[in-house]
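Colleague: Can you read through this structure? Questions will come right after.
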Amino acid sequence: MEFDVLFYLACILFSGLLFGKLAKKVKLPNVTGYLVAGLIIGPSVLGLIPGDTVSQMTVLSDMALGFIAFSIGSEFKLSYFKRVGFTPIVIAIMEALCAVLFVILGLSFTGHGLPFSIVLGAIAAATAPAATIMVIKQYKAKGPLTETLLSVVALDDAVALIAFGFAVTIAKSMESAQTGSVLMSILNPFIEILTAVVVGALLGVVFTFVLRFFKSTNNRLILSIAFVFAAIAVSKLVNASSLMMCMSMGAILCNTCKISDTIMKVTDTVTPPLFMVFFVLSGAELKLSVIPTIGIVGIIYVVLRVGGKMFGAWAGAAIMKAPDTVRKYLGPTLIPQAGVAIGLSLVAESVVPQYASVIRAVVLCATLIYEIIGPMITKISLKKAGEIKPAA
């Protein structure tokens with residue numbers, strides 16, 4: 001068993017390196033190469049990595065997402081928010097809610113039931129930060145668009161969870177006469193987010209304090225890894241979002257610790273192999289077989305979610321008088337969708353069980369499409385905004 005896991009990990013790393021190199025040759029982001037590598041060696045194509053092995057390695061995905069969220073949180077500097085005000089918050093709310101509204105209206109106008117339309121529409125709010133962060137890191141993007149994008153994708157999951165909580169409550173009330181759990185259905189997303197933020201903040205305070213007693217680079221690296229792992233473990237213990245908890249911890253660290261930038265640089269030295277494994281595994285989880293099953297529902301979801309994100313991001317940026325580059329190019333960078341959406345689709349199965357298979361197929365197919373094309377479009381958008389070098 002141990003040999004098998006190590007062999008599969010070796011295959012994942014070798015294929016990730018190879019396809020990352022090929023992607024770079026054709027001017028695509030590395031993350032696109034990693035996802036394609038996973039798709040090819042995974043159960044959908046060659047089957048070199050069996051499906052049960054992919055599911056057994058979820059702990060590696062949890063670790064990678066923890067570090068990605070920690071990295072996003074470290075961008076939440078108070079000095080930045082003092083400079084830009086509520087702009088990222090307004091944009092995050094607008095782009096998420098417009099995606100929800102566009103999908104709900106599209107499904108309703110084509111004759112689909114309102115409870116089904118509301119639940120699937122709510123899932124459209126979620127955006128996957130991981131692929132976006134990888135593109136930003138690879139090309140060292142800097143500027144107003146990059147700053148806004150980092151903040152918006154961080155806030156997006158919170159908005160998505162809240163929107164989904166309300167959608168589930170409305171759908172349940174339409175499908176059943178039972179109303180006893182309506183209040184808790186509404187409160188649950190808020191409780192989950194608040195718990196994650198508070199516990200993450202406490203971990204951030206402890207992290208900052210403990211750092212005083214460790215001066216060497218190696219010890220600080222070990223401490224960083226330990227705290228990220230601890231945050232992921234605690235999030236599972238208290239049934240809260242690990243992404244939000246790690247973000248909150250990173251945000252507190254960057255605002256209370258003078259050496260936070262150094263800590264992030266040190267952490268960045270060990271995360272590349274972990275991120276590569278995560279994205280190759282993500283590619284291996286994508287299922288080509290779901291594409292023929294999605295029909296008109298899938299087309300509406302895939303197209304209108306993108307339309308809603310783009311319109312909402314533009315409208316939010318226009319309302320807050322954000323720079324032109326943010327208005328023009330932020331929307332396309334919000335296309336990727338993965339883990340959170342898949343998680344919400346599982347919850348949706350208990351709300352509208354009669355539509356469970358359709359919702360699952362649509363979300364999985366959309367993930368396949370968004371995760372492959374999303375990083376490429378993000379790179380193009382950042383390049384057009386002048387925030388990555390033309391030669392990249």
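With full-length UniProt numbering applied, the sequence shown covers 1 to 392. For every residue, glycine included, the Cβ atom is placed at its ideal position computed from N, Cα and C. None of the values given here were measured: they were computed from a predicted structure.
Can you find the residues in the same chain that come closer than 6 Å, C-beta to C-beta, to L344, ignoring five residues on each side of it along the sequence?
Modeller: Translated into positions along the sequence shown, residue 344 becomes position 344. If we look at L344 and ignore the five residues flanking it on each side, its Cβ neighbours are I123 and F164.
Colleague: Enumerate in chain order the residues of its own chain whose CB-to-CB distance from L243 is below 7 Å, with the five nearest sequence positions on each side excluded.
Modeller: Counting from one through the sequence shown, the residue named residue 243 turns up at place 243. Closer than 7 Å at the Cβ level, and outside the excluded window around L243, lie L65, A69 and D157.
Colleague: Under the assumption that T87 contacts T148 (Cβ atoms under 8 Å), give the Cβ distance between them as a whole number of angstroms.
Modeller: The residue given as residue 87 occupies position 87 in the sequence shown. The residue given as residue 148 occupies position 148 in the sequence shown. That belief holds up - the Cβ atoms of T87 and T148 are roughly 7 Å apart, short of 8 Å.
Colleague: Report yes if the C-beta of A196 is less than 7 Å from at least one heavy atom of the ligand ZN; otherwise report no.
Modeller: Because no ligand of any kind appears in the structure shown, any question about the ligand ZN cannot be addressed here.
Colleague: With V103 and G85 assumed to form a contact (beta carbons below 8 Å), what rounded beta-carbon distance in angstroms separates them?
Modeller: Walking along the sequence shown from the start, residue 103 turns up at place 103. Walking along the sequence shown from the start, residue 85 turns up at place 85. The beta carbons of V103 and G85 sit about 29 Å from each other, so the pair does not count as a contact at 8 Å.
Colleague: Does the beta-carbon of I372 have 16 or more other beta-carbons within 10 angstroms, so that it is buried, or is it exposed?
Modeller: Here residue 372 refers to the residue found at position 372 of the sequence shown. It is buried - the Cβ of I372 has at least 16 other Cβ atoms within 10 Å.
Colleague: Which residue from I136, V159, T269 and E285 puts its Cα closest to that of P29?
Modeller: The residue labelled residue 29 in the question sits at position 29 within the sequence shown. The residue with the shortest Cα to Cα distance from P29 is I136.
Colleague: Return the CA-CA distance between L9 and A315, expressed in angstroms with no decimal places.
Modeller: Here residue 9 is taken as the residue at index 9 of the sequence shown, counted from 1. Here residue 315 is taken as the residue at index 315 of the sequence shown, counted from 1. Straight-line Cα distance between these residues: approximately 44 Å.
Colleague: Pick from S241, G204, K236 and V238: whose alpha carbon is nearest that of I225?
Modeller: The residue you call residue 225 lines up with position 225 of the sequence shown. Taking only the C-alpha atoms, the option nearest I225 is G204.
Colleague: Taking the straight line between their C-alpha atoms, what separation do you get for R305 and G143?
Modeller: Stepping through the sequence shown from its first residue, residue 305 is reached at position 305. Stepping through the sequence shown from its first residue, residue 143 is reached at position 143. Rounded to whole angstroms, R305 to G143 spans 26 Å at the Cα level.
Colleague: Assuming M63 and I232 form a contact by the criterion Cβ under 8 Å, report the distance between their Cβ atoms to the nearest whole angstrom.
Modeller: Position 63 of the sequence shown, counted from the first residue, corresponds to residue 63. Position 232 of the sequence shown, counted from the first residue, corresponds to residue 232. Their Cβ separation, rounded to whole angstroms, is 7 Å, which keeps M63 and I232 in contact under 8 Å.
Colleague: Report the option in S357, V277, H112 and T269 whose CA atom is closest to the CA atom of V5.
Modeller: Residue mapping note: residue 5 aligns to position 5 of the sequence shown, counting from 1. For V5, the closest of S357, V277, H112 and T269 by C-alpha to C-alpha distance is V277.
Colleague: Check whether the Cβ atoms of A131 and G374 sit closer than 8 Å, and answer yes or no.
Modeller: Within the sequence shown, the letter at position 131 stands for residue 131. Within the sequence shown, the letter at position 374 stands for residue 374. Taking 8 Å as the Cβ cut-off, A131 and G374 qualify as a contacting pair.
Colleague: Determine the extent of the alpha helix (DSSP H) in which G386 is found, giving its start and end residues.
Modeller: Counting from 1 along the sequence shown, the entry for residue 386 is found at position 386. G386 -> no alpha helix (DSSP H), and no H or E assigned at all.
Colleague: Give the DSSP-derived three-state secondary structure of G180 in the structure shown.
Modeller: Position 180 of the sequence shown, counted from the start, is the residue given in the question as residue 180. With a pLDDT of 49 at G180, under the threshold of 50, the predicted position of this residue should be treated as unreliable, though the coordinate-derived value follows. DSSP places G180 in coil when its eight states are reduced to three.
Colleague: So, at 6 Å on beta carbons, what are the nonlocal neighbours of S216 in its own chain, with the 5 sequence-adjacent residues on each side left out?
Modeller: Counting from 1 along the sequence shown, the entry for residue 216 is found at position 216. Non-local C-beta neighbours of S216 in its own chain, meaning closer than 6 Å and more than five positions away in sequence, are absent.
Colleague: Classify P129: buried if its beta carbon has 16 or more other beta carbons within 10 angstroms, exposed otherwise.
Modeller: For this step, residue 129 is matched to residue 129 along the sequence shown. With 16 or more other Cβ atoms within 10 Å, it is buried.
Colleague: Three-state secondary structure (DSSP) at G85?
Modeller: For the purposes of this step, residue 85 is taken as residue 85 along the sequence shown, with counting starting at 1. The answer is coil: DSSP assigns G85 none of H, G, I, E or B.
Colleague: May I have a chain-ordered list of the alpha helix (DSSP H) segments no shorter than 4 residues that lie completely inside the segment 87-166?
Modeller: Correct list: 87-109, 114-123 and 129-139.
Colleague: Can you tell me whether DSSP reads E192 as helix, strand or coil?
Modeller: The count along the sequence shown starts at 1 and reaches residue 192 at position 192. Helix.
Colleague: Using a 10 Å radius around the Cβ and a threshold of 16 neighbouring Cβ atoms, would you call P292 buried or exposed?
Modeller: For the purposes of this step, residue 292 is taken as residue 292 along the sequence shown, with counting starting at 1. Taking all protein chains in view, the Cβ of P292 is surrounded by fewer than 16 other Cβ atoms within 10 Å, so the residue is classified as exposed.
Colleague: Decide if the segment 53-60 is in contact with the segment 15-33; the criterion is three or more beta carbon pairs, one per stretch, under 8 Å apart.
Modeller: no
Colleague: Could you spell out where the alpha helix (DSSP H) holding Q337 opens and where it closes?
Modeller: As a working mapping, residue 337 is identified with position 337 in the sequence shown. That residue, Q337, is in no alpha helix (DSSP H); it is neither H nor E in DSSP.
Colleague: Count the other C-beta atoms from every protein chain shown that fall within 10 angstroms of the C-beta of G180, then say buried if there are 16 or more, exposed otherwise.
Modeller: What you label residue 180 is simply residue 180 of the sequence shown in a count that begins at 1. Residue confidence for G180 is low, a pLDDT of 49 falling below 50, so the modelled location carries little weight; the figure read from the coordinates is stated next. G180 is exposed by the Cβ-count criterion.
Colleague: With DSSP run on the structure shown, which of helix, strand or coil describes C257?
Modeller: Position 257 of the sequence shown, counting from 1, holds the residue named residue 257. Looking at C257 - three-state DSSP - the assignment turns out to be coil, as it is neither helix nor strand.
Colleague: Taking all protein chains shown into account, do 16 or more other C-beta atoms lie within 10 angstroms of the C-beta of I252, making it buried, or fewer, making it exposed?
Modeller: Here residue 252 refers to the residue found at position 252 when the sequence shown is read from its first residue. That one is buried.
Colleague: How is I232 classed by DSSP in three states: helix, strand or coil?
Modeller: Residue 232 sits at position 232 when you count from the first residue of the sequence shown. Note: I232 maps to helix in three-state DSSP.
Colleague: Taking 8 Å as the cut-off, decide whether the C-beta atoms of residue 393 and T195 are in contact.
Modeller: Summary: the structure shown does not reach residue 393, with the chain confined to residues 1 through 392, and so no result is reported for it.
Colleague: Measuring CA to CA, which of L364, A313 and V36 is closest to I294?
Modeller: Locating residue 294 in the sequence shown gives position 294, where the first residue counts as 1. Looking at the Cα atoms, L364 is the closest of the given residues.
Colleague: Please tell me whether C288 and E95 are closer than 8 Å, where the distance is taken between their beta carbons.
Modeller: Walking along the sequence shown from the start, residue 288 turns up at place 288. Walking along the sequence shown from the start, residue 95 turns up at place 95. Looking at the sequence shown, residue 288 is not Cys but Leu. Contact: no.
Colleague: When the distance is taken between beta carbons, is G200 closer than 8 Å to M249?
Modeller: Translated into the one-based positions of the sequence shown, residue 249 becomes position 249. Translated into the one-based positions of the sequence shown, residue 200 becomes position 200. For M249 and G200, yes; Cβs fall inside 8 Å.
Colleague: With C-beta atoms as the reference, is G33 less than 8 Å away from F14?
Modeller: By 1-based counting over the sequence shown, the position of residue 33 is 33. By 1-based counting over the sequence shown, the position of residue 14 is 14. Cβ distance not < 8 Å, so G33 and F14 don't count as in contact.
Colleague: Please classify R327: is it buried, with 16 or more other beta-carbons within 10 angstroms of its beta-carbon, or exposed?
Modeller: In the sequence shown, counting from the first residue as 1, residue 327 sits at position 327. By the 10 Å Cβ count, R327 comes out buried.
Colleague: Span of the alpha helix (DSSP H) holding T32?
Modeller: For the purposes of this step, residue 32 is identified with residue 32 of the sequence shown, where counting begins at 1. It spans N30 to I41 - the alpha helix (DSSP H) in which T32 sits, taken as one unbroken run.
Colleague: Note down the Cα distance separating I377 from P332, rounded to an integer number of angstroms.
Modeller: Residue mapping note: residue 377 aligns to position 377 of the sequence shown, counting from 1. Residue mapping note: residue 332 aligns to position 332 of the sequence shown, counting from 1. Going by the C-alpha atoms only, they are around 6 Å apart.
Colleague: Whole angstroms are fine: how far does the CA of R360 sit from the CA of K348?
Modeller: Position 348 of the sequence shown, counted from the first residue, corresponds to residue 348. Position 360 of the sequence shown, counted from the first residue, corresponds to residue 360. The amino acid at residue 348 is misidentified as Lys; the sequence shows Ala. Each residue's alpha carbon lies about 9 Å from the other.
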